[in-house]
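The structure appears below as structure tokens.
In this note's numbering, the protein residues as written are 1 to 629.
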């Protein structure tokens with residue numbers, strides 16, 4: 001019986017270790033993958049470590065993470081320790097009150113703390129950036145330090161400090177030479193917890209930072225929206241560093257045990273430790289602030305702030321622009337056009353925005369954009385496909401310069417889906433029970449309703465409540481009878497691995513999928529689709545317009561446009577680049593080149609009334625989907 005218990009205990013232990021560490025092992029292995037896939041290993045390569053080192057935004061995020069974690073740990077440990085010691089000499093009511101206040105951040109959900117801190121900074125008009133990120137980290141680390149130190153303080157003899165004072169020690173000496181050594185285990189534990197919490201934090205950091213300041217968690221979140229194995233590389237580096245640190249921490253006590261004569265630490269050794277920590281922090285600060293050095297280049301010392309979708313630019317292209325101009329490019333990323341609008345409407349300052357067509361129309365109509373100086377972009381506009389110029393959202397391109405363009409269609413597995421079904425049914429294939437439980441719907445109200453409206457023969461820009469209701473019924477039937485999986489960017493890697501038969505997708509993502517898996521195809525239904533354009537615009541109040549124009553011209557130059565389109569997969573607005581890539585690198589991949597001059601295809605137009613109605617109806621569709629599950 002005891003043997004069986006021991007065996008089951010060992011089995012449970014092994015399974016627990018596998019559960020926790022297999023994903024980490026998986027991540028490390030795929031950081032050396034030769035291809036871009038996050039699930040299919042094609043061969044050993046260091047390309048993603050090279051890409052990580054070249055990605056200055058990623059490296060800056062690592063520097064910022066370390067700087068913030070070190071500073072927040074030191075400051076919160078000092079404040080938390082002194083507060084805990086002070087409370088030990090305070091009355092009961094004060095101790096109870098401070099203890100309850102200290103417990104609030106520990107008990108509150110992170111999202112509540114994050115929003116509270118964000119509102120605090122907004123109320124006092126503190127510009128979000130490095131300072132607000134540091135203050136927020138100090139604020140949520142202090143309670144963890146106090147939680148670790150307080151039990152040690154309570155266990156002290158209450159007369160210890162008085163005895164030290166009676167023997168001639170000053171109050172400061174009583175704290176540093178008598179009390180602190182006795183509670184050192186609690187202080188170290190609190191500091192380690194504070195460092196871990198700061199290094200790992202995402203939610204609070206996401207809400208309190210700005211001006212392009214990102215820690216590693218925010219950077220990884222941004223990069224995970226699309227397929228980018230550099231995430232695996234930098235995560236592996238962090239795992240290795242943490243492993244080395246843990247080994248050192250565990251080996252040092254063993255070495256000390258062997259040298260019992262040296263167990264009492266001298267002042268000089270403590271000084272060396274403190275000096276080492278300060279030197280480390282200084283080295284990190286110097287390395288961070290020394291990344292960008294001024295030069296005699298035309299925009300040396302200037303900063304271009306760009307707000308754009310995540311993973312929408314080749315970082316080598318950014319580095320080359322910085323090398324040519326001497327400027328620093330700070331890129332913030334948004335998840336949706338609506339998120340971008342909220343920030344811009346609330347006064348967040350940027351030099352360049354890259355929203356979608358319908359959102360450009362909204363920003364333009366509300367007077368939030370600067371008119372372009374056509375003389376500064378005239379040559380660039382001449383290089384572009386005329387099909388995406390002078391479109392309804394911006395007649396005459398008075399406000400915008402195209403960045404990427406494309407369409408929405410159906411990606412399908414040729415081994416599972418009959419092409420005749422697509423030709424016959426179009427979007428109605430998403431109601432064909434032959435493919436039940438084998439389809440993806442895209443979690444986008446605009447694109448999903450576009451699909452339903454086009455399947456019913458309506459315009460995707462309809463203002464008819466009756467037509468929108470019929471589209472809602474179509475989508476509801478789909479989620480209730482077809483058991484679809486509603487996803488966002490995870491469709492990219494999943495379809496590249498052929499995990500479903502078909503799904504709704506953007507053309508650029510289909511381009512990547514088809515280049516990875518020859519069994520995949522892309523189909524645009526005859527009933528029409530959305531031809532979209534994402535474009536560069538200058539918001540009102542931009543502080544560096546000349547640099548914004550320089551970037552607009554650079555990113556659409558042949559070399560930069562080619563590299564950018566190859567990296568992202570979306571169609572370049574530069575007509576020569578589009579033609580070249582469609583006949584070379586993306587030859588045979590019809591998703592790369594959207595169809596033009598097709599009467600049933602449309603561009604989204606902004607309509608606030610229908611936007612709200614569609615958003616509400618899509619929420620109901622998702623509720624219906626969850627109920628069907």
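All C-beta atoms in this analysis are idealised placements derived from N, C-alpha and C, irrespective of residue type, glycine included.
The structure displayed is predicted, hence computed values, not measured ones.
Practice prompt. Please work out which residues of its chain come closer than 6 Å, Cβ to Cβ, to residue 152, disregarding the five sequence neighbours upstream and downstream, and give them in chain order.
Written response: On the chain shown, position 152 is the one that residue 152 refers to. Excluding positions up to five away in sequence, the list reads 183 and 186.
### Message
Our contact map puts residue 110 next to residue 204 with C-beta atoms below 8 Å; I'd like the distance itself, whole angstroms only.
### Response
As a first step, residue 110 is located in the chain shown; it is residue number 110 there, counting from the start. As a first step, residue 204 is located in the chain shown; it is residue number 204 there, counting from the start. With 8 Å as the limit, residue 110 and residue 204 qualify as a contact, their Cβ atoms being about 6 Å apart.
**Report entry** Residue span of the alpha helix (DSSP H) that contains residue 161, given as start and end
**Finding:** The residue you call residue 161 lines up with position 161 of the chain shown. Counting along the chain, the alpha helix (DSSP H) containing residue 161 begins and ends at 160-166.
Check: Using DSSP with H/G/I as helix, E/B as strand and the rest coil, what is residue 172?
Finding: Sequence index remark: in the chain shown, residue 172 carries index 172 (1-based). Reduced to three states, the DSSP call for residue 172 is helix.
Spatial neighbours of residue 296 within its chain, please: CB distance less than 8 Å, with the 5 preceding and 5 following residues excluded, ordered by chain position. As a first step, residue 296 is located in the chain shown; it is residue number 296 there, counting from the start. Once the five neighbours on either side are set aside, the close Cβ partners of residue 296 are 326.
**Asked** Beta carbon of residue 211, beta carbon of residue 128: below 9 Å?
**Response** Here residue 211 corresponds to residue number 211 of the chain shown, with the count starting at 1. Here residue 128 corresponds to residue number 128 of the chain shown, with the count starting at 1. Remark: C-beta atoms of residue 211 and residue 128 approach each other more closely than 9 Å.
C-alpha distance - residue 44 paired with residue 54, whole-angstrom precision: Position 44 of the chain shown, counted from the start, is the residue given in the question as residue 44. Position 54 of the chain shown, counted from the start, is the residue given in the question as residue 54. Those two C-alpha atoms are separated by around 19 Å.
Let's see if you can read the secondary structure: which residues bound the beta strand (DSSP E) around residue 535? Locating residue 535 in the chain shown gives position 535, counting from the first residue. 531-537 is the span of the beta strand (DSSP E), which, as asked, contains residue 535.
**Rounded Cβ spacing between residue 381 and residue 548 (contact assumed at less than 8 Å)** = The count along the chain shown starts at 1 and reaches residue 381 at position 381. The count along the chain shown starts at 1 and reaches residue 548 at position 548. Rounded, the Cβ-Cβ distance is 15 Å, inconsistent with contact.
message: Suppose you measure from the CA of residue 539 to the CA of residue 360; what does that come to, to the nearest Å?
response: The residue labelled residue 539 in the question sits at position 539 within the chain shown. The residue labelled residue 360 in the question sits at position 360 within the chain shown. Their Cα atoms are separated by approximately 10 Å.
task = Determine the closest residue to residue 406 out of 568, 333 and 495, with distance taken between C-alpha atoms.
result = Taking the first residue of the chain shown as position 1, residue 406 is located at position 406. Measuring from the Cα of residue 406, the nearest candidate turns out to be 568.
- Could you check the C-alpha separation between residue 247 and residue 198 for me, to the nearest Å? Residue mapping note: residue 247 aligns to position 247 of the chain shown, counting from 1. Residue mapping note: residue 198 aligns to position 198 of the chain shown, counting from 1. Roughly 21 Å separates the two Cα atoms.
What is the DSSP secondary structure of residue 328, reduced to helix, strand or coil? Counting from one through the chain shown, the residue named residue 328 turns up at place 328. Correct three-state label for residue 328: strand.
Local Cβ density within 10 Å of residue 426, reported as buried at 16 or more and exposed below that | Residue numbering aside, residue 426 sits at position 426 when the chain shown is read from its first letter. Buried.
What residue ranges within the segment 444-518 form continuous beta strand (DSSP E) runs of no fewer than 3 residues, ordered along the chain?
485-487 and 502-506
| said: So for residue 618, helix, strand or coil by DSSP? | reply: Counted from its first residue, the chain shown places residue 618 at position 618. If DSSP states are grouped into helix, strand and coil, residue 618 belongs with the helices.
- Using the beta-carbon count (16 or more within 10 Å), is residue 262 buried or exposed? Translated into positions along the chain shown, residue 262 becomes position 262. For residue 262, the predicted model reports a pLDDT of 49, less than 50, meaning its position is unreliable; a value from the coordinates is still stated below. When all chains shown are included, residue 262 counts as exposed.
### Message
If I follow the unbroken alpha helix (DSSP H) through residue 153, where does it start and stop?
### Response
Taking the chain shown and counting its residues from 1, the one referred to as residue 153 is at position 153. In the DSSP assignment, residue 153 falls within the alpha helix (DSSP H) that extends over 130-154.
- Query: For residue 303, which of helix, strand or coil comes out of DSSP?
  - Reply: Taking the chain shown and counting its residues from 1, the one referred to as residue 303 is at position 303. The DSSP-derived three-state label of residue 303 is strand.
Review point. Looking at the structure shown, is residue 358 part of a helix, part of a strand, or coil, going by DSSP?
Key: Here residue 358 is taken as the residue at index 358 of the chain shown, counted from 1. It is helical.
- Kindly indicate which residue of 493, 521 and 357 has the alpha-carbon position closest to the one of residue 422. Here residue 422 refers to the residue found at position 422 when the chain shown is read from its first residue. Checking every option, the nearest Cα to that of residue 422 belongs to 521.
Of all the options 532, 555 and 550, which has the alpha carbon lying nearest to the alpha carbon of residue 605? On the chain shown, position 605 is the one that residue 605 refers to. Considering only alpha carbons, the answer is 532.
Span of the beta strand (DSSP E) holding residue 400? Within the chain shown, residue 400 is the residue found at index 400, counting from 1. Per DSSP, residue 400 belongs to the beta strand (DSSP E) from 400-413.
Inset, instruction - List the endpoints of the continuous alpha helix (DSSP H) containing residue 389. - result: The residue you call residue 389 lines up with position 389 of the chain shown. First-last for residue 389: undefined, no H or E at that position.
What's the C-alpha gap between residue 18 and residue 95?
-> As a working note, residue 18 is residue 18 in the chain shown. As a working note, residue 95 is residue 95 in the chain shown. Our two residues, residue 18 and residue 95, have alpha carbons roughly 44 Å apart in a direct line.
*What are the partner residues of residue 427, as DSSP defines its beta bridges?*
Counting from 1 along the chain shown, the entry for residue 427 is found at position 427. According to DSSP, which records beta bridges pairwise, residue 427 is partnered with nothing at all.
> Mapping DSSP to helix, strand and coil, what is residue 574?
Replying inline: The count along the chain shown starts at 1 and reaches residue 574 at position 574. Strand.
Contact between the segment 391-407 and the segment 501-510 (3+ Cβ pairs under 8 Å) = yes
Review point. Helix, strand or coil: how does DSSP classify residue 127 here?
Key: Residue 127 sits at position 127 when you count from the first residue of the chain shown. Three-state DSSP puts residue 127 in coil, outside helix and strand.
Worksheet entry | Proximity of residue 430 and residue 441 at Cβ, strictly below 9 Å | As a first step, residue 430 is located in the chain shown; it is residue number 430 there, counting from the start. As a first step, residue 441 is located in the chain shown; it is residue number 441 there, counting from the start. Yes, the pair counts as a contact, with Cβ atoms nearer than the cut-off.
With a threshold of 8 Å on Cβ separation, who are the neighbours of residue 25 within its own chain once the five nearest residues in sequence on each side are excluded? In the chain shown, the residue the question calls residue 25 occupies position 25. The answer is none, since no qualifying residue turns up.
Check: In angstroms, rounded to a whole number, what distance separates the CA positions of residue 612 and residue 370?
Finding: Here residue 612 is taken as the residue at index 612 of the chain shown, counted from 1. Here residue 370 is taken as the residue at index 370 of the chain shown, counted from 1. So the two alpha carbons sit approximately 27 Å from each other.
Checklist line | residue 56 versus 67, 392 and 322, residue with shortest Cα-Cα distance | finding: Here residue 56 refers to the residue found at position 56 when the chain shown is read from its first residue. Measuring from the Cα of residue 56, the nearest candidate turns out to be 322.
Outcome for residue 23 when other beta-carbon atoms lying within 10 angstroms are tallied against a minimum of 16: One-based indexing of the chain shown puts residue 23 at position 23. By the 10 Å Cβ count, residue 23 comes out exposed.
Leaving out five residues before and five after residue 436 in sequence, what residues of the same chain have Cβ atoms less than 8 Å from its Cβ? The count along the chain shown starts at 1 and reaches residue 436 at position 436. Around residue 436: 481, 482 and 483.
#### Entry: For residue 602, the residue or residues it bridges with in DSSP
The sequence position of residue 602 within the chain shown is 602, counting from 1. DSSP lists 530 as partners of residue 602.
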